[in-house]
Structures are given as structure tokens and as C-alpha cells.
Amino acid sequence: NAGVTQTPKFQVLKTGQSMTLQCAQDMNHEYMSWYRQDPGMGLRLIHYSVGAGITDQGEVPNGYNVSRSTTEDFPLRLLSAAPSQTSVYFCASSPGTGGYGNEKLFFGSGTQLSVL
Amino acid sequence: KNEVEQSPQNLTAQEGEFITINCSYSVGISALHWLQQHPGGGIVSLFMLSSGKKKHGRLIATINIQEKHSSLHITASHPRDSAVYICAASGGGADGLTFGKGTHLIIQP
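Below, the structure is given as C-alpha cells:
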């Protein structure tokens, strides 16, 4: 199993550009989520999904869009990039059968995004 | 919203020392996670616990539900243990994980 695969690892955008961060898992996990990690702050939840076709907002959803058309994939879209979205982004998944937050989380390797 | 505090923020120790990292939270939880993040690397789950103690190799995690406090211990520390250690408290909901800011650990040879 590859686990959670995140691409790209690095990305530089100009203000106003759009892009999609890809996240895929091959563990048949129901729960998938996106976090951003900023210096001096804990990881913060952007969006999450508890199954195909179901998504919801986390703590910091503004400026981001998600969809979950398959169990495996959970892409994160930046609609119009802003410098405030410069951050490191992590995708994570868990089985979703034992209670959300009460299961081991599997993280992708992260995407370092800079918005100029 | 749960408040999660970790201490210390930074810790430098010599190889072989016993390491303790602390995590306190403000609201009752259903589970507490300990994560490890190496420089420039991804995040790995070390432990998830809701009571008592768990051990994996040289790592030990404990939790005191009444005191709303958890500790991560590393015995016989090694330079490869150098990383950021993050605790996260779960309220049980799909959006219920609150993360601490992390403890940056450096183990010098």
C-alpha cells in the first residue's frame, strides 16, 4: 500500500491563480481531511469528508473548495490564491469506522505552497 | 473549543537522556493523539490513547483523564528522535481534533 499520496510537494503561485492539491489514499478509508500548518500555530482543519459525496467545512475553509467523488481521492482547490494561503498543507485519512478522531490518522507528506 | 497546550516548546538534550513532553487540554476528550514530524518531512502517528499508558519501543505515552494531561516519554534518547512532537485532542466528532503547537526536540550526540 502506498498510504496517502499528496502532490505536488512544492508549488509557487501568483496572487489570483487557482490550483488543485491532490490527495489519494489506497486504504479504503472513509474519513479524509485537509489541514494547513503555519509557523507558531497548530494544524488547523480546512475541510473534511466522511465518505464519497459528503464534505464539510472545518475551522478555516474560506478560499478553499473540496469534492469527494470517490473513496480514494479528496482534492483541495484554491479558487483565487492569496498570500495568506502561503502554508504547508497536509492531507490525512482514517478508517472512519471507530469514531472520527478516535482512530489513528495517516498523513500525506505535505505540500509547501507559496503565494506571491 | 478545546485549548491544547504543550510544554516545553523547545527542548535540547544529550543522547541517552530521558525526555518528557507534556500536553494539557481544557475540555474533556474521547482520545489524545501523539504525532511526530521530522524536519521537512511528513507527519506520523505515534499513539492514540483514551486512558492509561501505551508503550512502543522507547516511546511511552500516558494520559490522566481527571487532570486533563498527557505526557510523551522517550527513554535512551537518540539523535534520530530529533523531531517536532505534536499532541492533538479529540472531542470525538469528525471536526473535533485540536492540535497543540508542537514541541521541537533536538537530541545532540
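The listed protein sequences correspond, in order, to chains A and B.
Count the first sequence with our numbering and you get residues 1388 to 1503, in order.
Count the second sequence with our numbering and you get residues 30 to 138, in order.
From the three backbone atoms N, C-alpha and C, an ideal C-beta is built for every residue, glycine too.
If you're wondering where the values come from, they're calculated on a predicted model, not measured in any experiment.
CB contact check: residue i to chain B, cutoff 8 Å
i         : result
A:TYR1435 : yes
A:MET1428 : yes
Backbone secondary structure at residue i - three-state DSSP
i         : result
A:GLN1472 : helix
B:ASP110  : helix
B:HIS85   : strand
A:LEU1466 : coil
A:THR1402 : coil
B:LEU64   : strand
Minimum Cβ-Cβ distance from residue i to chain A less than 8 Å
i        : result
B:HIS62  : yes
B:VAL33  : yes
B:LEU40  : no
B:LEU126 : yes
B:LYS97  : no
B:SER59  : yes
Residue j beta carbon less than 8 Å from that of residue i
i         : j         : result
A:VAL1437 : A:GLU1417 : yes
Same chain, Cβ closer than 6 Å to residue i, neighbours up to 5 away in sequence not counted
i         : result
B:ASP110  : ILE103, ILE136
B:TYR54   : ASN31, VAL33, LYS97, ALA118
A:GLN1404 : ALA1468
A:SER1501 : VAL1399, THR1473
Cut-off 8 Å between Cβ atoms - residues of its own chain near residue i, not counting five sequence neighbours on either side
i         : result
A:GLY1483 : HIS1416, GLU1417, TYR1418, VAL1437, GLY1438, GLU1490
A:LYS1401 : ALA1468, VAL1502, LEU1503
Own chain, CB closer than 7 Å to residue i, minus 5 neighbours either side, in chain order
i       : result
B:ILE94 : SER80
>> Beta carbons nearer than 8 Å to chain B: which residues of the segment 1484-1501 of chain A have them?
In response: GLY1486, TYR1487, GLY1488, ASN1489, GLU1490, LYS1491, LEU1492, PHE1493, PHE1494, GLY1495, SER1496, GLY1497
> the segment 1444-1472 of chain A: which residues have C-beta closer than 7 Å to a C-beta of chain B, in chain order?
Replying inline: GLY1445
> Taking any Cβ of chain A, which residues in the segment 66-95 of chain B have a Cβ under 8 Å from it, in chain order?
Replying inline: GLY70, GLY71, ILE72, VAL73, SER74, MET77, SER79
>> Output needed in chain order: residues of the segment 100-133 of chain B with a Cβ under 8 Å from some Cβ in chain A.
In response: ILE115, ALA117, SER119, GLY120, GLY121, GLY122, ALA123, ASP124, GLY125, LEU126, THR127, PHE128, GLY129, LYS130, GLY131
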